[in-house]
Structure formats: structure tokens, C-alpha cells
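Below is one structure; the comments refer to it alone.
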Amino acid sequence: MTRTDNIWCWRSTACPAGVVCSRWFPIPSPSNWPPGCWPACAVDGFYAMNTAFTTEAFVDACLAELEAPKPGNIHVYADGHGATMDDFIRSARAAAPALCRSGASLGPRIRDAAQATWDAVQRNTNIGILLLCAPLAMAFESGEVSSSAIHDIIARTGLQDTRAIFHGIIILSPGGLGEAAEHDVRAPATVPILTAMQAAAGHDMIARQWSSGFQDIFNKALPVYTEARKRWPDRQWAALAVFLHFLSTGPDSHIVRNFDAETAETTRQQAEALSNRIAAAAHPQALLTEILAFDSALKTAGINPGTSADLTVATIFAYSLSAHLAGSRR
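Shown next as C-alpha cells:
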């Protein structure tokens with residue numbers, strides 16, 4: 039228990055002390071608890087509340103990302119790359135319980151969520167999402183969704199968890215995953231996950247987030263999403279703005295792995311041009327035909343900016359978790 043603000047006592051009718059409070063009360067100071075309340079009740083209530091909210095927020099972030107017409111990726115306007123919207127919806131719902139299991143460490147969350155995904159759809163739909171969202175879920179449980187909180191969680195992740203994370207990656211076998219010169223996920227982990235991610239940060243966008251405490255998400259993408267939500271209340275356009283932000287500042291790691299750096303750079307430039315046109319437009323809806331034409335061209339070429347999509351989910355998830363914590367402190 040690290041939170042020091044308020045939580046809701048969820049045991050409104052089943053309190054072991056026979057107390058019906060059903061209200062917010064400060065923790066962890068016993069002097070502030072209602073008469074007869076006891077610590078175990080507060081802790082149980084805290085974890086139960088966290089699991090329910092985090093699970094809902096994770097699935098909702100996945101659905102929000104799917105609503106956006108993200109060029110080259112799967113969305114409500116068009117399937118692609120042999121995958122459907124249903125694959126991603128089922129994956130989100132299957133992975134959520136393990137990913138958002140309160141009290142679990144990083145390794146089991148990622149490994150078990152990956153296994154649940156495989157059992158549900160028999161394909162990799164979300165390993166990048168799981169790698170990004172598991173630390174965010176843990177940060178929420180600590181009461182602080184921030185770069186420093188993420189860094190602390192990752193920095194204290196040991197070898198046992200690292201092995202479980204590697205196992206989760208292997209279960210879903212991301213497209214284009216080849217042998218690495220050092221810290222290959224197919225070999226037994228010999229260093230903590232932070233060291234492994236630092237070694238890959240130069241060529242992998244997700245590894246860069248793990249190495250930096252998700253600074254690209256907190257310092258760049260969250261402001262993009264927040265501003266877009268103010269400008270265009272429909273969240274699909276805010277999600278699209280974040281997706282294009284990552285794709286235009288890439289290169290997208292998934293494209294590099296499956297094609298090459300040149301293809302990724304060409305796609306980055308195209309995304310940057312589209313992002314600039316959307317920013318200058320009164321409303322993105324006016325450019326939907328152009329957006330979907332770019333989407334079709336990328337899919338015809340087999341180009342999928344999957345890492346940018348993963349980072350979009352993580353940004354929306356971070357936004358929801360942060361907003362919830364801010365609201366609980368008012």
C-alpha cells in the first residue's frame with residue numbers, strides 16, 4: 039500500500055467488522071477510518087476497485103484506438119493484414135484480467151495476458167500493447183501514473199520477471215522478430231529487463247519507452263491527445279492524432295522489422311504530411327477520403343505501422359488512468 043489519498047470502502051454490506059460505510063475515507067491512517075473498520079478491509083477494497091477500473095480502462099483504450107482510421111492498421115473503417123476488428127476486441131477482453139491483476143508483478147501480467155490472447159485468437163494482436171500497458175497498470179496501483187513511477191517499476195523488475203516477459207513475447211512471436219545480438223528473448227534471460235530494453239532502445243520504439251520511463255508518452259503524446267480531445271470531442275480523431283504523431287516521428291519499429299529503414303522513413307514522411315494537413319483543417323472528417331486512401335495504399339503494400347498503434351493504446355490508457363487518479367483526489 040503506497041497510496042495516501044482516499045479510496046472507496048466497497049464492503050458496504052459484507053464488512054467483517056459489521057460496519058456499513060460505503061463512502062470515501064483516507065488511508066492509510068487508522069485514525070481516519072470509520073469506527074470498527076480494519077486495515078484488511080481497506081486493502082481488499084483498494085485492490086478490488088483498482089482491478090475493476092483498470093480492466094475497464096484498458097479494454098476501453100483498445101476500443102478507442104480501433105475507432106480511429108489509422109492508415110495501414112486495423113480499425114472500424116477497414117480490416118487488414120489478415121486480421122479483423124473482432125480479433126483485436128477479443129484479444130483486449132481476453133488479456134485484460136491478467137494484465138490488470140492487482141498485486142501481480144510485471145512478468146506474470148505480460149506472460150499470462152499473452153497466453154490469454156493466444157488462447158483467444160491464435161495470433162499476435164497485442165504484444166506491444168501488453169508491454170506498454172502492464173507498467174501503466176502497476177503505476178496506477180501505486181497511486182502515481184508518471185514517468186518516474188514507470189521508471190521505478192521497471193528498474194526494480196528482476197530476472198524472474200524478465201524471464202516471464204521473454205516468455206510472453208515468445209508466446210505471441212511478433213512479426214519480424216529475429217535473433218538479437220544480445221539479450222535475445224529466445225535465450226534464458228541473464229540481465230534485468232531494463233538492461234535488455236536499454237540495449238534495444240536505439241532501434242525499437244517500445245524498448246525506448248521502457249528505457250526512458252515512457253517519456254515519449256508522457257511528455258509528447260499525452261499533450262497531443264489532450265489538445266485533440268479539446269479540439270475534436272470525438273475521440274477517434276484524438277486517437278488518430280496520436281497515431282500520426284508516433285508514425286511521423288518514428289520510424290515505426292514494426293515496419294523496420296518487416297521491411298527496412300528506407301520503407302519506414304518513406305512512410306514516416308507520408309504520415310508527417312498527412313498529420314500537417316489534418317492540423318490545418320477545420321475538422322479531420324473533411325480529409326477522411328484521403329486518410330482512407332493512404333490506409334488502402336499501405337495495406338496493399340503490406341505495410342502495418344503496428345508499433346505506432348500500440349503506443350496509441352498506451353497513451354489513451356495513461357490518459358484515462360491519470361484522469362481517474364486526479365478525480366479521486368478532488
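If you read the sequence shown in the numbering used here, its first letter stands for residue 39, the second for the next number, and so on.
Cβ coordinates follow ideal geometry from the N, Cα and C atoms, glycine included.
| Asked | Found |
| --- | --- |
| Sequence-distant residues of the same chain with beta carbon closer than 6 Å to A151, five excluded per side | A133, A136, L137, L168 |
| Rounded distance between the beta-carbons of P173 and I203, thought under 8 Å | Not a contact, Cβ separation roughly 11 Å. |
| Distance, T195 Cα to P322 Cα | 42 Å |
| Segment contact flag, the stretch 231-250 with the stretch 313-329, C-beta cutoff 8 Å, min 3 pairs | no |
| Continuous alpha helix (DSSP H) assignments of at least 4 residues falling wholly in the stretch 296-350 | 299-318, 326-338 |
| Simplified DSSP state of A102, which is helix, strand or coil | helix |
| Three-state class that DSSP yields for H292 in the structure shown | helix |
| Beta-carbon contacts of R131 that lie in its chain and below 7 Å, excluding the five residues immediately before and after | V97 |
| Where S60 sits in the DSSP three-state scheme | Because S60 sits at a pLDDT of 40, beneath the cut-off of 50, its placement in the model cannot be relied upon, and the point is left open. |
| For I192, the first and last residue of its enclosing alpha helix (DSSP H) | 185-193 |
| Which of helix, strand or coil DSSP assigns to H113 | strand |
| CA-to-CA distance, S346 to R147, given in whole angstroms | 22 Å |
| Per-residue burial, D43 [other beta carbons within 10 Å of its own, 16 or more giving buried] | Annotation note: pLDDT 39 at D43 (below 50); position unreliable, no value reported. |
| Test item: CB-CB of C171 and A361 under 7 Å | no |
| Three CB pairs or more closer than 8 Å across the stretch 261-269 and the stretch 325-339 | no |
| Residue(s) in a DSSP beta bridge with G118 | A121 |
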